[in-house]
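*Asks:*
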Amino acid sequence: MMSKYLSRKMLVYLLTFFFAVTIDWMIPRFMPGNPILILVSRFSGMPEATKVIYSYLTQAFGLDQPLWKQYINFWRAFLSGDLGISIYMYPKPVFEVLKEAIPYDLALLLPSILVSWIAGNLFGAVAARRKKLDSFVLPVLYILTATPYLWLGILLAWTFGVLLDIFPIAGAYSFSMRPSLSLAFIWDFLKHWILPFLSLFIVMLGGWAIGMRNMIIYELEANYARYLETLGAPQRLIRKYAFRNAVLPQVTGLALQLGVIVAGALTTEIVFSYPGIGYILMQGILNQDYFLIQGCFLFIIIGVLLANFFVDLIYVFIDPRVRYAFGGETA
Amino acid sequence: MKQFSTVTLLLLILLTASFVFGETYARNETLYAGGGMWAPPSNWNPITPWNAVTGTVGLIYETLYLYDPITDNMKPWLAQEGLWISDNVFRLKLRKGLTWSDGTPLTAKDVAFTFELAKKHPEIYYSSMWNWLADVKVIDDLTLDFHFSDPRYQEWRYNLYQIPILPEHVWSKKSKDEILTGANEPPIGSGPYLFETYSQDRMVYLRNDNWWATKLLGLKPAPKRIVYLRVLSNNVALGMILKGELDISNFFLPGIPRLKQAYGNIHTWYDGPPYMLPANTAFLFVNTVKKPLDNPELRKAMAYAINPKEIAEKVFENQVEVSNPLGFLNIPAWMNVYPEDVVRKYGFRYDPAEARRILDAGGFKDVDGDGFREAPDGSKMHFDIIVPYGWTDWMESIKIIAKNLQAVGINAEAKFPDYSKYTEDLYGGKFDLAINNFNSTVSSTVWTLYNWLFNPDIQEYMTNGNFGRYQNSELTQLIVELSHARTVDEARETVAKIAEIFLMEIPYIPLWYNGMWFQASTQVWKNWPSAKNPYAIPCTWNGWWQMGGVLTLTGITSK
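As given, the protein sequences belong to chains D and S, one line each in that order. Numbering-wise, my numbering puts 85 at position 85 of the first sequence, and it's gapless, one number per residue. Numbering-wise, my numbering puts 1537 at position 537 of the second sequence, and it's gapless, one number per residue.
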């Protein structure tokens, strides 16, 4: 029974993956402009030589071939695990670029998303049941979630970094350090990490909390809750059911957030000059780096699909209705 | 439980050990620099210097000469001396005792190899030199003769401080693809610094304590390490200078005049306006093959209509200066050949009344009464001026230009395409008006400016210069002639003829000099170069290390 559910899902995922990757391949190529032109535009030398370099590079990247051939080459390389060479960070392979950048995004986004999700849900659920708390906290949450991220980031950096001078304002660790497994380094890394983390956490917290609060209120007003109430069920039980229902969309939201982690946090990176994939991806787009754009979005596609897949799996456990729909009473 | 405590103990030992040995660079031995690295470090190949991490040429690989634009002085570097022993033979003597950082001696064979490599691979950027270079003969370990079929003295002089010399014992083993497209990690050079390490947001150079110039010239760079930072926004760079975390910044930072007053320790080249040395000239490129922009009278009227002074004041807060009518940078090498009388006779200046007069006389009149002039054939005129989106100083500048042009009745509009679209339109000749300065850089000869502005090789894509596809066989001839000029007097004569054509035709309009942005912090390092102490140009951009960057490092001192 479960296997029927899963195999149907798998087929949908495979098809989605194929089309998404094809679109991912197409979009950068249909943008106006030419990546090799941008690459040679940085070249300041004899004009005569630029021409030769231009044709050499066009060939080296295989961009002189017809589009259909490039498309086949792309799949062939992809299936053998080759994502190509970045044009913007020439001659670094795209895989290397991603490998070096993405750990920073994980270290920053994973904790901020998870912690804000847990804190936001608890906070929202509590706020929904306490009128006084609600009327006081809700506006604060609305302000938080609507805060322009750039502004909050600069404010934090300026206050704690420049004025109070407690935290550093740039980099993932001191520019005077080399990474090592030492307490000094870990402490230094955390000091650089805390402001970007806080800025992300604060903005995300508002969103999750408001979502949860609204869902709980909605669920408490639902018919099943009222029915339970008339049956004389204890408040605790009703709230428990309301929470179980309310958390479902939050789980989906969380999964989608986690899925696009690979896109990085562009604004954070710029405001705190923090390494990561966001800025590189933006530069890749501006420089029309076909291979880098492809590579990044490939991981985003995989991330989103995996996240959806896990949501599907988790729903089986946290939402009995899914279980019943596919597995009858057995589950 | 026993096992657990053993593991914990081991971990603790490891942590304390690394705590003791974990490396932190001493502040007073480390120079933090920024402004010349925007992408994460990925390439140290001197064959592709435009793509390599800044410092690859200069700190690691070195050139035969250094060039000081302030005094127009070619300083022999790897070379001991070089002179023309006949009209077409240049004899070069190397210093005795040069070594590569791996200990191998650097000899005339390495120099010959470097040049001959470009003969073998025409994809190498300086290969076109072999059109006029015939042969490189090694005489002995320290001496070699360059035989020229068609000696281009000006271009040769420029190349002497541009081409990095490669170690034959490393590069002769590389395949063609490795040479042309390899990352060359780690690079082995002869220069004052060694490649130490890098990560996404930094490049770390370690001083080469066996550098030849320490022994031969008594020069020792002050910083033991250079940590070159990739800083992603001006706010951060500015904050770091104020905190004393960034020692030398070659970023364009708005508001330096005000900040200098508020914070005493920001060091700039000049204490007052323009604060910065000039780096290159911003030109307004006109698409000279598009009607009616092919009409020189219209271009001349535009030159009179635009007010670069307004741009310098409003956009750059006087951190830049207005260009002269030829676009010559204010450096001796260029100003020595500046044809004063030609400019006095034909030069233009901001004068909207004159612009209107030229337009009226040329038949550009507002026929349909919409407030804008029409072309002499009665067709409507509308021009887009383009600069890349996000280049905020240029975006503000072209808004002013559009306003200036509209004031004399030319309908122009500022447009900001993405950088990729900008390059596509500019190179492909699909633009009306565009600002560009990519290769009008400070150099030892104004020939580099003209060779770029009027590159005669018209292609589908003009990737390097002459974006407006201006063609004039007489001008082309004169520019080739200029590259052959041997003396300043010869050059001056040719430049006067070029300038006359330039001012009659005004294919492109010089506007202002972009600055060699430089702000230094005096908290850790002192004796920074300045107008009062101009021992070197303090620039850390690609291509500028040999024009002063290296000598800045040997000139500064620790506090």
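Glycine is no exception: its CB is placed at the ideal position from the N, C-alpha and C atoms.
(1) As a quick exercise: from Ser41/D, Lys92/D, Trp25/D and Thr145/D, pick the residue whose alpha carbon is nearest that of Asn1043/S.
(2) Helix, strand or coil, according to DSSP, for Val97/D in the structure here?
(3) Looking at the secondary structure, which residues open and close the beta strand (DSSP E) in which Ala1079/S lies?
(4) Does DSSP put His1267/S in a helix, in a strand, or in coil?
(5) Cβ closer than 9 Å: which chain A residues qualify as neighbours of Lys51/D?
(6) Establish whether the CB of Ala1039/S and some CB of chain D are separated by less than 7 Å.
(7) Which chain S residues are close to Ala107/D, counting only those with a beta carbon under 9 Å from its beta carbon?
(8) Run through chain D and tell me which residues come within less than 7 Å of Leu1298/S, C-beta to C-beta.
(9) Cβ closer than 8 Å: which chain S residues qualify as neighbours of Met177/D?
(10) From the beta carbon of Gln250/D, is the nearest beta carbon of chain S less than 7 Å away?
(11) In the structure shown, what three-state DSSP assignment does Met1001/S receive?
(12) DSSP state of Leu1066/S, grouped into three classes?
(13) If we call anything under 7 Å between Cβ atoms a contact, is Gly276/D one with Ala157/D?
(14) What is the DSSP secondary structure of Met970/S, reduced to helix, strand or coil?
(15) Using CA coordinates, which residue listed in Pro1538/S, Thr1554/S, Lys1532/S and Glu1505/S is at the minimum distance from Val1286/S?
(16) Does Val40/D have its Cβ less than 7 Å from a Cβ in chain S?
(17) So with Cβ pairs under 7 Å, would you call Gln333/D a contact of chain S?
(18) Based on Cα-Cα distance, which residue from Leu195/D, Ile27/D and Leu286/D lies nearest to Glu269/D?
(19) Could you pull the DSSP bridge partners for Thr1557/S from this structure?
(20) Which ranges does the alpha helix (DSSP H) cover as unbroken runs of at least 4 residues, wholly within the stretch 1356-1413 of chain S, from first to last along the chain?
(21) Buried or exposed for Ala249/D, please, with buried defined as at least 16 other CB atoms from any protein chain shown within 10 angstroms of its CB.
(22) Keeping to the same chain, check which residues put their C-beta closer than 6 Å to that of Ala1017/S; ignore five residues upstream and five downstream.
(23) Only counting runs of 4 or more residues, tell me where the alpha helix (DSSP H) segments fall wholly within the stretch 1431-1473 of chain S, in order along the chain.
(24) Please report the distance separating the alpha-carbon of Pro148/D from that of Asn1437/S.
(25) Is it a yes or a no for the stretch 1027-1044 of chain S touching the stretch 1170-1188 of chain S, going by three-plus beta-carbon pairs under 8 Å?
(26) Since Asp1177/S is in the alpha helix (DSSP H), which residue starts that stretch and which ends it?
(27) What does the Cβ neighbour count give for Thr330/D, buried or exposed, with the cut at 16 atoms within 10 Å?
(28) Expressed to the nearest angstrom, what Euclidean distance is found between the alpha-carbon atoms of Phe78/D and Tyr71/D?
(29) Considering only residues of the same chain and omitting the five flanking positions on each side of Phe1146/S, which have a CB-CB separation below 6 Å?
(30) Could you give the DSSP three-state label for Gly1034/S: helix, strand or coil?
(31) Any beta carbon from chain S within less than 7 Å of Asn73/D's own beta carbon?
(32) Entirely within the stretch 1299-1324 of chain S and at least 4 residues each: give me those alpha helix (DSSP H) ranges in chain order.
(33) Given that Met1240/S touches chain D, what residues does it touch there, using C-beta distances under 8 Å?
(34) Suppose you measure from the CA of Ala1052/S to the CA of Val1408/S; what does that come to, to the nearest Å?
(35) Could you confirm whether any beta carbon from chain S is found closer than 7 Å to the beta carbon of Leu200/D?
(36) Answer yes if the stretch 186-193 of chain D comes into contact with the stretch 1204-1211 of chain S, meaning at least three C-beta pairs across the two stretches below 8 Å, and no otherwise.
*Replies:* Reading off the structure:
(1) The closest CA to that of Asn1043/S, considering only Ser41/D, Lys92/D, Trp25/D and Thr145/D, is found on Lys92/D.
(2) It is helical.
(3) Per DSSP, Ala1079/S is one residue of the beta strand (DSSP E) stretching across Ala1079 to Ser1086.
(4) Of the three classes helix, strand and coil, the one that applies to His1267/S here is strand, per DSSP.
(5) In the structure shown, chain A cannot be found, because the protein chains are D and S.
(6) For Ala1039/S, the answer is yes, since a Cβ of chain D falls inside 7 Å of its Cβ.
(7) None at all; the shortest Cβ gap to chain S is about 13 Å.
(8) By Cβ distance, chain D contributes nothing, its closest Cβ being about 27 Å from Leu1298/S, past 7 Å.
(9) Listed by position along chain S, the residues whose Cβ is nearer than 8 Å to that of Met177/D are Gly1022, Glu1023, Thr1024 and Tyr1025.
(10) Among the residues facing chain S, Gln250/D is not included, as its CB has no counterpart in that chain under 7 Å away.
(11) Residue placement at Met1001/S is poorly supported in this model, since its pLDDT is 45, which falls under 50; the coordinates still yield a value, given next. The answer is coil: DSSP assigns Met1001/S none of H, G, I, E or B.
(12) The three-state reading of DSSP puts Leu1066/S in strand, counting E and B together.
(13) Judged by their CB atoms, Gly276/D and Ala157/D are not nearer to each other than the 7 Å cut-off.
(14) Absent from the model: residue 970/S. The displayed extent of chain S is 1001 to 1559, so no value can be given.
(15) The candidate whose alpha carbon is nearest that of Val1286/S is Glu1505/S.
(16) So, interface residue.
(17) The question about residue 333/D has no answer here: the residues shown for chain D are numbered 1 through 331.
(18) From the listed residues Leu195/D, Ile27/D and Leu286/D, the smallest Cα separation to Glu269/D is found for Leu195/D.
(19) Thr1557/S is bridged by DSSP to Lys1526/S.
(20) Listed in chain order, the complete alpha helix (DSSP H) runs (minimum 4 residues) inside the stretch 1356-1413 of chain S are 1392-1407.
(21) For clarity, residue 249/D is Pro in the given sequence; the question names Ala instead. Burial state of Pro249/D is exposed, judged by a 10 Å Cβ sphere holding fewer than 16 other Cβ atoms.
(22) In this predicted model, Ala1017/S has a pLDDT of only 48, less than 50, meaning its place in the structure is not dependable; the value taken from the coordinates is given anyway. Residues of the same chain with a CB within less than 6 Å of the CB of Ala1017/S, apart from the 5 flanking positions on each side, do not exist.
(23) As far as the stretch 1431-1473 of chain S is concerned, its whole alpha helix (DSSP H) runs of at least 4 residues are 1447-1453.
(24) Rounded to whole angstroms, Pro148/D to Asn1437/S spans 35 Å at the Cα level.
(25) Yes: the two stretches touch, three or more of their Cβ pairs being nearer than 8 Å.
(26) Note, Asp1177/S: alpha helix (DSSP H), Lys1176 to Thr1181.
(27) Its pLDDT being 47, under 50, Thr330/D is placed unreliably in this model, and the coordinates cannot settle the point.
(28) Computed Cα separation, rounded: 11 Å.
(29) Excluding residues within five positions, the ones whose Cβ falls inside 6 Å are Phe1090 and Val1136.
(30) Reduced to three states, the DSSP call for Gly1034/S is strand.
(31) Between Asn73/D and chain S, the shortest Cβ-Cβ separation is not below 7 Å.
(32) Within the stretch 1299-1324 of chain S, the runs of alpha helix (DSSP H) that reach at least 4 residues and sit entirely inside it are, in chain order, 1308-1314.
(33) Taking a Cβ-Cβ cut-off of 8 Å, the neighbours of Met1240/S in chain D comprise Ile169 and Ala170, given in sequence order.
(34) In a straight line, the C-alpha of Ala1052/S is about 45 Å away from that of Val1408/S.
(35) Chain S contact via Cβ: absent.
(36) Cβ pair count under 8 Å is below three, so no.
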